[in-house]
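Below is one structure, written out as structure tokens, with a few remarks after it.
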Amino acid sequence: MKTNASLRHAKPFGVAILFAVALWYGAASRAADHPTIPDTLQQRIAACTSCHGVHGEGTPGSGYFPRLAGKPAAYLVRQMQDFQNGLRKYAPMEYTVRQLPPAYMREIAEYFAAQQVPYSRSPLPPVSAATLARGEALLGKGDPARRIPACASCHGSQLTGVQPSTPGLVGLPYDYISAQLGSWRTHTRATVAPDCMAEVANRLSESDITAVAAALASRELPADTHPQPAGSVTPPLSCGVLGATGDPS
Amino acid sequence: MKRLRWLLPSVALLIVLALGWGLFGGSGSRPTPPAASKVAAASLRDPALIAKGEYLATVGDCAGCHTAQGGARYAGGRALATPFGDIPVPNITPDRATGLGDWSFEDFWQALHSGKGRHGELLYPAFSYTSYTKVSRDDALAIFAYLQSLPPVHQPAAAPALAFPYSVRNSLKAWRALYFREGEFKPDPAQSAEWNRGAYLVQGLGHCNECHAARDTLGGTPQDVHLSGGQIPMQNWYAPDLSTGRNGGLEGWSAQDIVDLLKTGQSAKGSAFGPMAAVVSGSTQHMSDADLHAVATYLQSLPPRAPAAQPGTPFDARTLAEQGEKVYAKHCAECHGKRGEGVAGVYPPLDGNSSVTEPTGINATRMVLLGGFTPVTAANQRPYSMPPFAQQLSDAEVAAVVTYIRRGWTNRASIVRAEAVSTYRHTPID
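For the protein sequence lines, the chains are A and B, in the order given.
Each residue of the first sequence is one higher than the one before, counting from 23 in my numbering.
Each residue of the second sequence is one higher than the one before, counting from 304 in my numbering.
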């Protein structure tokens, strides 16, 4: 009897526990069913990271989408503004950033500027040793006879960029560099006047562009890939992006 | 009889000439100089009038067309692409040489209300006077006062680049006879003041029908077609049916959902994107709550249309949807949910979303390809975004996943094929 009585009590108790477990399980599985979205900038900018990588590492395999990680923030903001204003033409970027307000662009730029991820190699077309040598010469010394300054004279001695507005060039894919230099010549990439980079690109020949893009993509990376501090270079041209307002030299 | 035979062609010729004069003859008139205007110059400088005009110019999203990419607001300088050729958008700042500096209010009214330029020339209806004709004279005056208060910007407009016969302005006489009814908005006394305010804004300044109704081969919208949804020429987006219809209409939307979308760019039923994202950012988010509720009241009164013929089910629809389900599980469900329910305030639902189920499938296809941020509004200054899948998914995969979401859950829309996806792979910037 005693057992029976306790069983009688135990039954509803057990049912209640089962019911509670079922409720808890149901709620848990419903929660798992529903997406949980983290309130992070990284989550918000999925439109950026799907091409440029979660940490702005670029997609070296595709050979096109450039690395954003570690680029100076002011440079990245400037690029978004140039896409908004139609100075820089690339429809998917123009479409994506067209409405972004300045504060949000700054936040996004600072996110990518602060990322530190290893560089990786991107595909390189077969080029001759002479081409690579010409490219190396343009990177480090320029070509005074044709008034082409060395890339390093603005982009830093190790081509890792200079704060606050000059981008690093190391590790950029061959396809991207050659496409950008071409864009400056066809006016599909421009920036605020005086547009010194447009000047330089127009002094390069087509074979120079191949040479410099190949040399950059095949260069060994320096130990320190951070941009140089502000004021550590004296640019040989006057550049609107660096605050100059006069005519290009 | 002999004489009659000679007479008939002559009469016919005369009739043709008369018709031709009527259709294509001159229609010039002289501008009204500001000094001769019935509106005193001083009254245009009234700050209250200017402030009212600024609000109304924002409601009308004048800057949306009259500003070039990266250009000064209201200074024109871009071309509006139409199926008939490019139409330059004029400078409406008060620059005397290239803008409205020498215009009187009478000139402005003639343009807005009658679709005629200062010299009586017929304006191309890329300027939506088919809607603006409903704007009241008082509101037009406020807008004019505001535009005249802007800093003048010198920016000449290019000449129109239209193909013949559209290049002959007087060919617009025939167009106007078909599609244009001049006249201010007439309130419906049987309806509330709020409904009438909403109808006035939607039909007039808001010019919603210019996108949200289908255009025919002459680029006009037949008079009886109102907010029934249509493909936007050249931009290749589909502006959905704004009636309370199902599958592509606003069935199930509450007034608050409509207000939310227009104010914040997001709602429980869907988010604004494509051209509507620009409309929300530039215009509707700045509308007063009273005006937004008026718009919602009016839209909610639009009876559902007779449902369009249900699309047939092609033999491969099921295979497509099954392939699409796999793509959905891999790329979409994480944000939009397994049942297309979305995440409130973050990612829009896909189930019951009128942009997903609109008749063409263009919107869902392009959203998958382009991704992008939801509109930037005061309520949402750091919006979430969707990755563009153009680089990751093939035409066949996009077609499959779009077919899946258009036919999944409670959605019942037509399938989308890979050929259609390849048509829409390019990215619009206008």
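Don't be surprised by glycine CBs; every beta carbon is placed ideally from N, CA and C.
query, result
"Less than 6 Å between C-beta atoms, sequence neighbours within five positions excluded: which residues of the same chain meet that for Arg710 of chain B?", "Ala624"
"Report the rounded CA-to-CA distance for Arg608 of chain B versus Gln413 of chain B, giving the unit in angstroms.", "35 Å"
"Tell me the residue span of the alpha helix (DSSP H) that contains Pro124 of chain A.", "124-136"
"To the nearest angstrom, how far is the alpha carbon of Gly486 of chain B from that of Leu696 of chain B?", "50 Å"
"So, is Leu481 of chain B buried or exposed, given that buried needs 16 or more other C-beta atoms within 10 angstroms?", "exposed"
"Within the 8 Å Cβ cut-off, does Arg685 of chain B reach chain A?", "yes"
"Whole angstroms are fine: how far does the CA of Gly418 of chain B sit from the CA of Gly433 of chain B?", "The sequence given here places Thr at residue 433 of chain B; Gly does not occur at that position. Roughly 8 Å separates the two Cα atoms."
"By the criterion of Cβ-Cβ separation under 9 Å, what are the contact partners of Leu122 of chain A in chain B?", "Phe676, Val679, Pro686"
"Output the distance between the C-alpha atoms of Ser584 of chain B and Gln372 of chain B, rounded to the nearest integer angstrom.", "15 Å"
"In this structure, how does DSSP classify Asn107 of chain A when only helix, strand and coil are distinguished?", "coil"
"What are the partner residues of Lys253 of chain B, as DSSP defines its beta bridges?", "Nothing in the structure corresponds to residue 253 of chain B, since chain B is present only between 304 and 733."
"For a cutoff of 8 Å on Cβ pairs, would you count Arg66 of chain A as touching chain B?", "yes"
"Given this structure, state the Cα-to-Cα distance separating Glu722 of chain B from Thr71 of chain A, to the nearest angstrom.", "28 Å"
"Starting from the C-beta of Gly262 of chain A, find all residues in its chain whose C-beta is less than 7 Å away, skip the five residues before and the five after it, and write them out in chain order.", "Thr213, Val214, Ala215, Pro216, Asp217"
"With three or more C-beta pairs closer than 8 Å as the rule, is the stretch 198-213 of chain A touching the stretch 125-138 of chain A?", "no"
"Note down the Cα distance separating Gly157 of chain A from Arg143 of chain A, rounded to an integer number of angstroms.", "18 Å"
"List the residues that DSSP assigns as beta-bridge partners of Asn394 of chain B.", "Answer by DSSP bridge pairing: none, since Asn394 of chain B is not bridged."
"Considering only their Cβ atoms, is the gap separating Ala445 of chain B from Pro393 of chain B smaller than 8 Å?", "no"
"Among the residues of its own chain, which have a CB less than 6 Å from the CB of Ala384 of chain B, if the five just before and after it don't count?", "Met537"
"With DSSP as the reference, please indicate the residues paired to Leu154 of chain A in a beta bridge.", "None; Leu154 of chain A has no bridge partner."
"Return no unless some Cβ of chain B is closer than 8 Å to the Cβ of Leu109 of chain A.", "yes"
"Note down, in chain order, each residue of its chain lying with its Cβ closer than 8 Å to the Cβ of Asp563 of chain B, except the 5 sequence neighbours on either side.", "Gln569, Ser570, Ala571"
"Identify which residue in B:Met689, B:Glu700, B:Arg484, B:Ser546 has its Cα closest to the Cα of Ile59 of chain A.", "B:Met689"
"So which of A:Gln138, A:Val139, A:Thr256, A:Ala252 has the shortest CA-CA distance to Cys176 of chain A?", "A:Thr256"
"Along the beta strand (DSSP E) that carries Thr622 of chain B, what are the first and last residues, could you check?", "No beta strand (DSSP E) holds Thr622 of chain B; the alpha helix (DSSP H) holding it covers 620-634."
"Hey, would you say His596 of chain B sits closer than 8 Å to Ala558 of chain B, going by beta carbons?", "yes"
"Just to make sure I have the definition right: I need the residues of chain B whose C-beta is within less than 8 Å of the C-beta of Pro114 of chain A. Which are they?", "Leu673, Pro691, Ala693, Thr730"
"Excluding sequence positions up to five away, which residues of its chain have a Cβ less than 8 Å from the Cβ of Gly374 of chain B?", "Gly380, Arg381, Gln458"
"Which residues, in chain order, does the stretch 629-642 of chain B contribute to contact with chain A at a C-beta distance below 9 Å?", "Ala636, Glu637, Cys638, His639, Gly640, Lys641, Arg642"
"Could you check where the alpha helix (DSSP H) with Thr385 of chain B kicks off and where it finishes?", "Careful: Thr385 of chain B lies outside any alpha helix (DSSP H), inside the beta strand (DSSP E) at 382-385."
"Give me the DSSP bridge partner(s) of Phe676 of chain B.", "B:Ser688"
"Measure the C-alpha to C-alpha separation of Ser586 of chain B and Ser84 of chain A and round it to an integer number of angstroms.", "39 Å"
"Checking contacts by CB at 8 Å: is His209 of chain A closer than that to chain B?", "no"
"Could you spell out where the alpha helix (DSSP H) holding Cys70 of chain A opens and where it closes?", "68-74"
"Cutting at 7 Å between CB atoms, please list the residues of its own chain near Thr335 of chain B, excluding the five before and the five after it.", "Ser407, Glu409, Asp410"
"Mind reading off the beta-carbon distance from Pro249 of chain A to Gly178 of chain A? Whole number of angstroms is fine, and I expect it under 8 Å.", "7 Å"
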